[in-house]
Each structure stands twice: as structure tokens, then as C-alpha cells.
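K.L.:
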Amino acid sequence: MTTNDSKVKRLLDGDIDEEEIASDPVLASLAERIFGLNIEPITPTKPSLSDGLPPVEVITAKTSHDSMIEVVPGVEPIPMPLPALPDIPKGEVGKKGKFLMIFGVSSLLLAVANIFGAFGFLNGGEGTRINWAGIHDINNEMGWSEAYPVLGIPDYVAVVASILVLIVAFVRK
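For the sequence shown, the tail end lands on 174 under this note's numbering, and the numbers increase by one without skipping.
1) Could you tell me which of Ser24, Arg130, Pro26 sits nearest to Gly153, measuring between CA atoms?
2) Please tell me whether, using a cut-off of 7 Å, the distance from the CB of Ser7 to the nearest non-hydrogen atom of the ligand ZN is below it.
3) Roughly how many angstroms lie between the CA atoms of Ala23 and Pro80, to the nearest whole one?
4) From Leu101 to Leu83, what does the alpha carbon distance come to, in whole angstroms?
5) Let's see if you can read the secondary structure: which residues bound the alpha helix (DSSP H) around Gly11?
6) Could you name the residues of the same chain whose beta carbon sits closer than 8 Å to that of Met143, not counting the 5 residues immediately before and after it, in chain order?
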């Protein structure tokens with residue numbers, strides 16, 4: 002472990018004194034960011050140790066609850082005005098909305114008419130309802146279902162899906 006790593010570990014453990022933190026600018030920065038401590042740098046007491054530079058002015062920064070936001074002293078945030086937004090048009094139904102309404106109503110009527118056997122005249126056999134799952138086999142018995150009291154999953158799906166299309170159409174209105 003390097004000396005910097007051991008110093009950081011000691012800082013996090015709380016086993017380091019303020020003089021050692023103040024002598025290392027990296028540790029002082031970490032202590033300020035982690036613990037909110039503001040440790041001023043040590044000024045040398047012996048003239049031989051001084052570097053001849055003027056003393057540094059230390060400004061204590063205002064901190065907020067969010068440690069990722071730095072508050073610069075003397076600078077006030079200027080609120081910007083909100084842009085003007087156009088009004089939302091009311092009562093206009095676009096082409097998609099009209100298409101969805103027409104499609105929803107016609108698919109619901111088609112699904113309900115099929116449940117009651119309205120398309121049984123297309124089949125010469127016993128089945129009176131079109132089987133939506135086997136609509137590609139409408140020429141043989143696999144494309145047809147039994148009469149009204151017996152309902153299958155494709156019938157429920159057709160009715161529910163057409164109702165959902167109607168709901169979407171009226172919500173978009």
C-alpha cells in the first residue's frame with residue numbers, strides 16, 4: 002500500500018490529525034468534500050521554511066445538502082423566464098383518430114356478429130362461426146367453430162382487442 006493510500010485510509014478511519022491533513026492539499030480537499038471540514042493550510046513558523054509567497058486568503062465556501070453542487074460566493078443564480086408554449090387545440094380529431102374509431106366500431110360489430118353466427122352462410126358444413134385462429138383454413142372445417150353457446154379464446158381476444166382500439170380512439174380524441 003502506498004503512502005497516499007495509507008493516508009486516505011487513516012483519514013477515512015479518523016486516525017489522522019489536523020496538522021497532517023493541513024500539510025497535504027489532497028487530504029485537505031478530501032476532508033472538506035467527505036466530512037465538510039475546512040482545514041486551513043499551515044503557515045510555516047520558521048523563516049527558513051517559508052517559500053516567500055504572500056499569505057493565501059482562505060474563503061470558506063457555502064455548502065448545501067447536495068455535495069455535488071458547489072456554491073460560489075458572490076454569485077446569485079438568475080432565474081430564466083419560461084418560454085411561451087402554444088395552446089393545445091381542443092375538439093379536433095385527426096385522420097388517425099377517425100380511422101381508429103371507424104376501425105374499432107367495425108371490428109367490434111364484426112366480432113359480435115361472428116359470435117352469433119352471422120357468417121355461417123359462408124360455410125356449407127356444421128360450423129357457423131369463423132374461427133379467428135384458423136381463418137386461413139376457411140375453406141375446410143378447421144376454419145369454423147361451433148355455434149353460439151361455445152366461445153373460444155380467439156372470440157374473446159377479438160372483442161377485447163376491438164374495445165381497446167375504441168378506447169384508444171376516444172382517448173386520442
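Glycine residues also receive a C-beta, built at the ideal position from the N, C-alpha and C atoms. The structure presented is a predicted model; accordingly, all values stated were derived computationally and were not measured.
P.N.:
So, from the data block:
1) Of the residues Ser24, Arg130, Pro26, the one whose Cα lies closest to the Cα of Gly153 is Arg130.
2) Judged by which ligands are present, the structure shown has none, so any question about the ligand ZN falls away.
3) Taking the CA atoms as reference points, Ala23 sits about 38 Å from Pro80.
4) 36 Å
5) The residue you asked about is not Gly; residue 11 is Arg in the sequence shown. Start and end: 4-14.
6) For Met143, the CB contacts under 8 Å within the same chain, skipping 5 residues up- and downstream, are Asn132, Gly135 in chain order.
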